[in-house]
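Visitor: Encoded as structure tokens, here's the structure I'll be asking about.
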Amino acid sequence: MLLVDVVTAYVRRFDAHFVQIMSSHWFTNDLIQNPVSLVISEFLFVLFVCLLTYESIYWTGIYLGLWEYHAKEIFTEVPVHCAHVYVRINFARKADLDKVKQYYKLKHDSTYNILNWKRLNELGQDTFGLQKFVKYHFEFSPEDFENNPEPEFGSTIEHLREKILDTIHESSVYSEFKKDKQIFSKEDVFLLNNKTIEVGHESDKVYLSKIHIETGNVIDAVVVY
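Per my numbering: the sequence shown ends with 225, consecutive numbering throughout.
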């Protein structure tokens, strides 16, 4: 009986507190004018609090990776294809490829660490052929991906590398980097996604939207010569 008494005491306390709050506002006072409306109002309030608590815990757990979405196999997420992207282009010698990787690892780890920014600038000046990156805007029309196995996902990494190479080959600005190598191949394009992580050539057939390159992103590409 002790448990019943405790529960009853809590219910009565909640009922008194609920009535006090509801009656203090003119727009909620009408909801507790009779016992039936009071019971309905209390039931709906408790139901709302329970649902809010459940949803908060459920989605927080999904965000933290504690559990998975219960219907993920039914409602699969389809990435929106990349319509256009900004690419910052620079050059580096093949012998300096390790420095390029070191530069972007440091950049990835130093987003909020200002102590590494000076080191990052020094490494960039010592590694890249151009003093500043040159930004290009690449758009992807249906013709770019209509022949892909899954055209709804848009263009692939390989297609983006080819667009970058076409731009370089057509431009006379980069003639100094073409002395030793007249024609660049897609293997010479060191590409990064929007998380500043290298996109390897094993991912050339992967769609941009599936590898963290989305519409409007600004990413880097370093052409190795």
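For every residue, glycine included, the Cβ atom is placed at its ideal position computed from N, Cα and C.
Can you grab the Cα-Cα spacing for the pair Leu130 / Val49, in whole Å?
Guide: Here residue 130 corresponds to residue number 130 of the sequence shown, with the count starting at 1. Here residue 49 corresponds to residue number 49 of the sequence shown, with the count starting at 1. About 59 Å.
Visitor: Determine the extent of the beta strand (DSSP E) in which Val134 is found, giving its start and end residues.
Guide: As a position in the sequence shown, residue 134 is number 134, starting the count at 1. Run containing Val134: Val134 to Glu139, per the beta strand (DSSP E) assignment.
Visitor: Is Val222 buried or exposed, if buried means 16 or more other CB atoms sit within 10 Å of its CB?
Guide: Position 222 of the sequence shown, counting from 1, holds the residue named residue 222. With 16 or more other Cβ atoms within 10 Å, it is buried.
Visitor: For the putative contact between Ile164 and Asn193, defined by C-beta atoms under 8 Å, what is the C-beta separation to the nearest angstrom?
Guide: Here residue 164 refers to the residue found at position 164 of the sequence shown. Here residue 193 refers to the residue found at position 193 of the sequence shown. With 8 Å as the limit, Ile164 and Asn193 do not qualify as a contact, their Cβ atoms being about 14 Å apart.
Visitor: Decide if Ile197 is buried, meaning its Cβ has at least 16 other Cβ atoms within 10 Å, or exposed.
Guide: As a working mapping, residue 197 is identified with position 197 in the sequence shown. Burial call: exposed.
Visitor: How long is the line joining the alpha carbons of Ile183 and Arg93, rounded to whole angstroms?
Guide: As a working note, residue 183 is residue 183 in the sequence shown. As a working note, residue 93 is residue 93 in the sequence shown. One C-alpha to the other measures close to 15 Å.
Visitor: By alpha-carbon positions, which one of Asp188, Phe153, His169 and Lys135 ends up nearest to Asp220?
Guide: What you label residue 220 is simply residue 220 of the sequence shown in a count that begins at 1. The shortest Cα separation from Asp220 among Asp188, Phe153, His169 and Lys135 belongs to Lys135.
Visitor: Buried or exposed for His159, please, with buried defined as at least 16 other CB atoms from any protein chain shown within 10 angstroms of its CB.
Guide: Mapped onto the sequence shown, residue 159 falls at position 159. His159 comes out buried.
Visitor: For Val218, I'd like the list of residues in its chain whose CB is within less than 7 Å of its CB, leaving aside the five on either flank, ordered along the chain.
Guide: Taking the first residue of the sequence shown as position 1, residue 218 is located at position 218. Closer than 7 Å at Cβ, skipping near neighbours: Tyr86 and Arg88.
Visitor: By Cβ distance below 6 Å, which residues in the same chain neighbour Asp188 in space, the five residues on each side in sequence not counted?
Guide: Against the sequence shown, residue 188 aligns to sequence position 188. For Asp188, where only same-chain residues beyond five positions count, the Cβ hits under 6 Å are Val223 and Val224.
Visitor: Going by alpha carbons, who is nearest to Asp144 out of Asn121, His108 and His84?
Guide: Along the sequence shown, one-based indexing puts residue 144 at 144. Taking only the C-alpha atoms, the option nearest Asp144 is His84.
Visitor: In chain order, which alpha helix (DSSP H) runs of at least 4 residues are fully inside the segment 23-110?
Guide: List check, alpha helix (DSSP H) in window: 26-29, 35-63 and 97-109.
Visitor: Which of the three DSSP states is assigned to Ile183 in this structure?
Guide: Here residue 183 is taken as the residue at index 183 of the sequence shown, counted from 1. The answer is coil: DSSP assigns Ile183 none of H, G, I, E or B.
Visitor: Helix, strand or coil: which one does DSSP assign to Glu150?
Guide: Looking up residue 150 in the sequence shown gives position 150. Coil.
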